[in-house]
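Residue numbers (this note's numbering): 17 to 690. Backbone N, C-alpha and C define an ideal beta-carbon position, used for all residues, glycine too. What follows is one structure encoded as structure tokens, with my remarks underneath.
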């Protein structure tokens, strides 16, 4: 049941762009906190004792959520800070729910659920190119421009998120190839690797490839079936070469075209990929037996490892690392250099450019330096970079979750985030050495320790991704990471002899350290009164979270409905919906900006100006709102006010590309007037 529930939840998120978007995130927050309230209130949850490590980890995450909410008071844009708070409510609520549903002995069920959920996403992505027209990457390319270049993004809507999910799936499948006792499962897990390789190539995510390399090394290093794992990697790589090489030559598939050429190329790629999968499936057993018979001397192994190291160092030296670092840290241009016979994916994977990440990261550090203790406020980085960054970008994210928290929440937020991640890894490392987890099981099943390695590998590759990108904004991805963190600290792999795993739902706050503490009193969980207070506090927090998240959901949906109504020609309904959004989140500038847009379009310029002015007061660092206000002022002939609004917008976003055109037009008007 656990496996099915996790897989279904992941599938639902996948079919809704990974849960990305403020309305989806708010909905996730409402659902998880309602489940928490009902589960705790009826004593159905938790399903096992919640030990001290779980309480510490949850406390750190809830502390980060609370600090994010507190930053609303000093953030320049309270609406964006509120939005970030709702996002953190979704994260912390998801973690709490996972802990409450965790139960000793069900780790493999969670692992299978993770496998199934991730597999659905990756297979949908793959078939969107095998059978063009299933996905919408062609629309994404038209909307965003050449920076997309047809990179595989559907169903999540972002190529690096697709790459991250694919690498996570590689980790769990690699684990199955080495540790599942059933030969058929090991062969199937290995056989689907070419499909994943095609997805990784078409997504062209260099961060995902970096995470993939680190994850493979980690899983093989922790073993114990290193020969099986090594065999799986070699077979996977060998079988992936034909379809990936073919994909690099099929420009219609690589660039997300939808015509007849793309259809033919997609079917050809599907056939070659399927043939590679079948070849790996058939070759797996004989190759595995051959590898098992080999008994290389220790010296031979050391020589082989040394030779590989020398080759690796030579390749790094030949790639001119100094020049690569220089290219990575340089201000990027729009687009990627590609030759006539090269797809965008190939060009991007071979590119040395950092696509502005270096500048984004440096700007985040500058923001932290300006407000080191509490940061510039949640949601404030975009406005900061527009005003203080070294170049202009169409879309702005820090592209690093740790640096984002450092910039927006200062040292306090950064320590809470890294404390949560570090504590989870620390507890996971301790559990890997637990004799109970290393004990063999009946039926050829791998030890519980090996299952924990799979969760650790997914956590590491996902952690790398969110450290170099903004993939952590996707509930699907942060949900997978939180499952892994819960495996490190929660009841799934806690010692069976202590409060974690031994307690029932009536004892939700057990302890994970009776033996370690050496004290019978410490071995027991908190006193009954303390447990009741903890439950009451969580229920109260959950109630607040539901109210806060519901208001954000209502506001986001009302704004979207206002846009739809106006597109359908119903201006009155558009105004009414925008008003509902303003009522739900009166501190946010977005509803008033939408209201101003509708009023402007229907000729209500006086009301539009009042709404736009309110938007600039609510979000004084949003240059788009100042430009909206300036346009309405121009329509009303308010020359002086128009000039002031334009100057303010320019101060907030001085490097925007449209100012060049604005200056040229202003110069033409000046010449015509003179």
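Within 10 angstroms of its Cβ, does residue 242 collect 16 or more other Cβ (buried), or is it exposed? Position 226 of the chain shown holds residue 242. Result: exposed.
Between 396, 446 and 630, which has its C-alpha nearest residue 422's C-alpha? In the chain shown, the residue the question calls residue 422 occupies position 406. Among 396, 446 and 630, the Cα nearest to that of residue 422 belongs to 396.
Can you tell me the Cα-Cα spacing of residue 129 and residue 233, whole angstroms? The residue labelled residue 129 in the question sits at position 113 within the chain shown. The residue labelled residue 233 in the question sits at position 217 within the chain shown. Cα to Cα, the separation comes out at about 24 angstroms.
Which residues mark the beginning and the end of the alpha helix (DSSP H) in which residue 477 is found? The count along the chain shown starts at 1 and reaches residue 477 at position 461. Taken as a continuous stretch (DSSP letters only), the alpha helix (DSSP H) holding residue 477 covers 464 to 484.
If you check the beta carbons only, do residue 424 and residue 394 fall under 7 angstroms apart? As a working note, residue 424 is residue 408 in the chain shown. As a working note, residue 394 is residue 378 in the chain shown. For residue 424 and residue 394, yes; Cβs fall inside 7 angstroms.
Tell me whether residue 306 is buried or exposed, calling it buried when 16 or more other Cβ atoms sit within 10 Å of its Cβ. By 1-based counting over the chain shown, the position of residue 306 is 290. With fewer than 16 other Cβ atoms within 10 Å, it is exposed.
By DSSP, does residue 352 sit in helix, in strand, or in coil? Counting from one through the chain shown, the residue named residue 352 turns up at place 336. With a pLDDT of 45 at residue 352, under the threshold of 50, the modelled position of that residue is not reliable, and the figure given next carries that caveat. Three-state result, residue 352: coil.
Buried or exposed for residue 534, please, with buried defined as at least 16 other CB atoms from any protein chain shown within 10 angstroms of its CB. On the chain shown, residue 534 is found 518 positions in, with the first residue counted as 1. Residue placement at residue 534 cannot be trusted, given a pLDDT of 37 that sits under 50; what the coordinates show is reported in the next sentence. Residue 534 should be labelled exposed.
Considering only their Cβ atoms, is the gap separating residue 605 from residue 569 smaller than 7 angstroms? Residue 569 sits at position 553 when you count from the first residue of the chain shown. Residue 605 sits at position 589 when you count from the first residue of the chain shown. Not closer than 7 angstroms, so no.
Taking the alpha-carbon of residue 634 as reference, which of 64, 88 and 81 has the nearest alpha-carbon? To locate residue 634, count along the chain shown from 1; it is residue 618. It is 88.
Helix, strand or coil: how does DSSP classify residue 409 here? Residue numbering aside, residue 409 sits at position 393 when the chain shown is read from its first letter. Correct three-state label for residue 409: coil.
Does DSSP put residue 143 in a helix, in a strand, or in coil? Taking the first residue of the chain shown as 1, we reach residue 143 at position 127. The answer is helix: DSSP assigns residue 143 an H, G or I state.
For residue 141, is the classification buried or exposed, using 16 other Cβ atoms within 10 angstroms of its Cβ as the cut-off for buried? As a working mapping, residue 141 is identified with position 125 in the chain shown. So residue 141 counts as buried.
Give the single residue among 277, 269, 230 and 600 whose Cα lies nearest to the Cα of residue 572. Counting from 1 along the chain shown, the entry for residue 572 is found at position 556. Here the closest residue by C-alpha is 600.
Is residue 516 helix, strand or coil when you go by DSSP? Locating residue 516 in the chain shown gives position 500, counting from the first residue. Note that residue 516 scores 45 on pLDDT, short of 50, meaning its location in the model is unreliable; the coordinates nonetheless yield the value given after this. If DSSP states are grouped into helix, strand and coil, residue 516 belongs with the helices.
Helix, strand or coil for residue 388 per DSSP? As a working mapping, residue 388 is identified with position 372 in the chain shown. Under the three-state reduction of DSSP output, residue 388 falls in the coil class, being neither helix nor strand.
Our contact map puts residue 373 next to residue 484 with C-beta atoms below 8 angstroms; I'd like the distance itself, whole angstroms only. Against the chain shown, residue 373 aligns to sequence position 357. Against the chain shown, residue 484 aligns to sequence position 468. 7 angstroms between Cβ atoms; contact.
Would you tell me roughly how many angstroms separate the C-alpha atoms of residue 100 and residue 182, rounded to the nearest one? One-based indexing of the chain shown puts residue 100 at position 84. One-based indexing of the chain shown puts residue 182 at position 166. Linking residue 100 to residue 182 through their CA atoms gives a straight-line distance of about 26 angstroms.
In the DSSP assignment, find the unbroken alpha helix (DSSP H) run with residue 296 in it and report its ends. Locating residue 296 in the chain shown gives position 280, where the first residue counts as 1. Counting along the chain, the alpha helix (DSSP H) containing residue 296 begins and ends at 276 to 309.
Whole-angstrom C-beta distance between residue 44 and residue 35, which should lie under 8 angstroms: Here the question's residue 35 lines up with position 19 in the chain shown. Here the question's residue 44 lines up with position 28 in the chain shown. The Cβ separation is near 6 angstroms, so the contact holds.
Thinking just about the alpha-carbon of each residue, which of 680, 491 and 426 is nearest to the one in residue 173? For the purposes of this step, residue 173 is identified with residue 157 of the chain shown, where counting begins at 1. With distances taken between Cα atoms, residue 173 lies closest to 491.
Endpoints, alpha helix (DSSP H) assigned at residue 491: In the chain shown, counting from the first residue as 1, residue 491 sits at position 475. That run of the alpha helix (DSSP H) goes 491 to 505.
Buried versus exposed call for residue 645 [16 or more other C-beta atoms within 10 Å across all chains shown]: Within the chain shown, numbered from 1, the residue matching residue 645 stands at position 629. So residue 645 counts as buried.
Residue 681 to residue 674, Cα distance in whole Å? Residue 681 sits at position 665 when you count from the first residue of the chain shown. Residue 674 sits at position 658 when you count from the first residue of the chain shown. Straight-line Cα distance between these residues: approximately 11 angstroms.
Pairing CB atoms from the segment 655 to 668 with CB atoms from the segment 378 to 395, are three or more of them under 8 angstroms? no
Taking buried to mean at least 16 other C-beta atoms within 10 Å of its own C-beta, is residue 695 buried or exposed? Any property of residue 695 remains undetermined from this structure, which presents the chain solely from 17 to 690.
Neighbour-count burial assignment, residue 20, 16 or more Cβ in a 10 Å radius: Residue mapping note: residue 20 aligns to position 4 of the chain shown, counting from 1. It is exposed - the Cβ of residue 20 has fewer than 16 other Cβ atoms within 10 Å.
Indicate the three-state DSSP secondary structure (helix, strand or coil) for residue 610 in the structure shown. Position 594 of the chain shown, counted from the start, is the residue given in the question as residue 610. Three-state result, residue 610: helix.
Whole angstroms is fine: what's the gap from residue 472's alpha carbon to residue 269's? Within the chain shown, residue 472 is the residue found at index 456, counting from 1. Within the chain shown, residue 269 is the residue found at index 253, counting from 1. Whole-angstrom Cα-Cα distance: 34 angstroms.
Between the C-alpha atoms of residue 126 and residue 132, what's the straight-line distance to the nearest angstrom? The residue you call residue 126 lines up with position 110 of the chain shown. The residue you call residue 132 lines up with position 116 of the chain shown. Straight-line Cα distance between these residues: approximately 10 angstroms.
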